[in-house]
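Data block below; observations after.
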Amino acid sequence: MIILGIDPGYATVGYGVVNYDGHRFETLGYGAITTPADLPFAERLEIIYRDMGELIEHFRPDYMSIEKLFFNTNITTGIEVAHARGVILLQAVQHCLPYKEYTPMQVKQSIVGYGKAEKKQVMLMTQSFLHLPSLPRPDDAADALAMAICLGHSTNSLLEEQK
Numbered sequence: 019m020i021i022l023g024i025d026p027g028y029a030t031v032g033y034g035v036v037n038y039d040g041h042r043f044e045t046l047g048y049g050a051i052t053t054p055a056d057l058p059f060a061e062r063l064e065i066i067y068r069d070m071g072e073l074i075e076h077f078r079p080d081y082m083s084i085e086k087l088f089f090n091t092n093i094t095t096g097i098e099v100a101h102a103r104g105v106i107l108l109q110a111v112q113h114c115l116p117y118k119e120y121t122p123m124q125v126k127q128s129i130v131g132y133g134k135a136e137k138k139q140v141m142l143m144t145q146s147f148l149h150l151p152s153l154p155r156p157d158d159a160a161d162a163l164a165m166a167i168c169l170g171h172s173t174n175s176l177l178e179e180q181k
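Taking the numbering used here, I'd label the letters of the sequence shown as residues 19 to 181.
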């Protein structure tokens, strides 16, 4: 099963693609979609939309795992991230790509076994699960790979839903 993990944003969208056979993860690719800060916001969304479509076409994932949005202190930033997340989800729907949403706490629980784990712990465990020689960079890509692993760990429940 090919899983596309997404860490949504509007300046940087992290992505990570893994193949999971039910026992072992294999990294197929990771990186980030970036948008220039000097562009109008709508044009930044267009870049995210276009590049996300290209990623889906290239990797042909079976599922997408995306971080569930939550607001902390900066509501304006959260709203802009929500717009970016919307164009990402639109691409998923247009490509008939099923997706699952996970909170940061769920991802940490899945990767480290502790929902309040530190970011560095998650990155190190992600590196270990994927047998990578170094920590994935940028951090947004590492977060996206963790999202993909989280969905892989929940494949039994996904298979139950399909029955």
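For glycine and all other residues, C-beta sits at the position ideal for the given N, C-alpha and C.
Cα-Cα, which of the options is closest to residue i?
i, options, result
"residue 81", "23, 151, 161, 164", "23"
"residue 99", "39, 53, 138", "53"
"residue 101", "66, 155, 56", "66"
Bridge partners of residue i, per DSSP?
i, result
"residue 141", "Answer by DSSP bridge pairing: none, since residue 141 is not bridged."
"residue 45", "36"
Buried or exposed, going by whether 16 or more other CB atoms sit within 10 Å of the CB of residue i?
i, result
"residue 128", "buried"
"residue 169", "buried"
"residue 182", "With the chain covering only 19 through 181, there is no way to say anything about residue 182."
"residue 34", "buried"
Once DSSP output is grouped into helix, strand and coil, what is the label at residue i?
i, result
"residue 25", "strand"
"residue 86", "coil"
"residue 171", "helix"
"residue 121", "coil"
"residue 67", "helix"
"residue 30", "strand"
"residue 95", "helix"
Assuming residue i and residue j form a contact by the criterion Cβ under 8 Å, report the distance between their Cβ atoms to the nearest whole angstrom.
i, j, result
"residue 62", "residue 87", "About 17 Å separates the two Cβ atoms, so there is no contact after all."
"residue 158", "residue 27", "7 Å"
Give a yes or no on whether the minimum CB-CB distance between residue i and chain B is below 8 Å.
i, result
"residue 43", "Absent from the structure is chain B; it holds one protein chain and no more."
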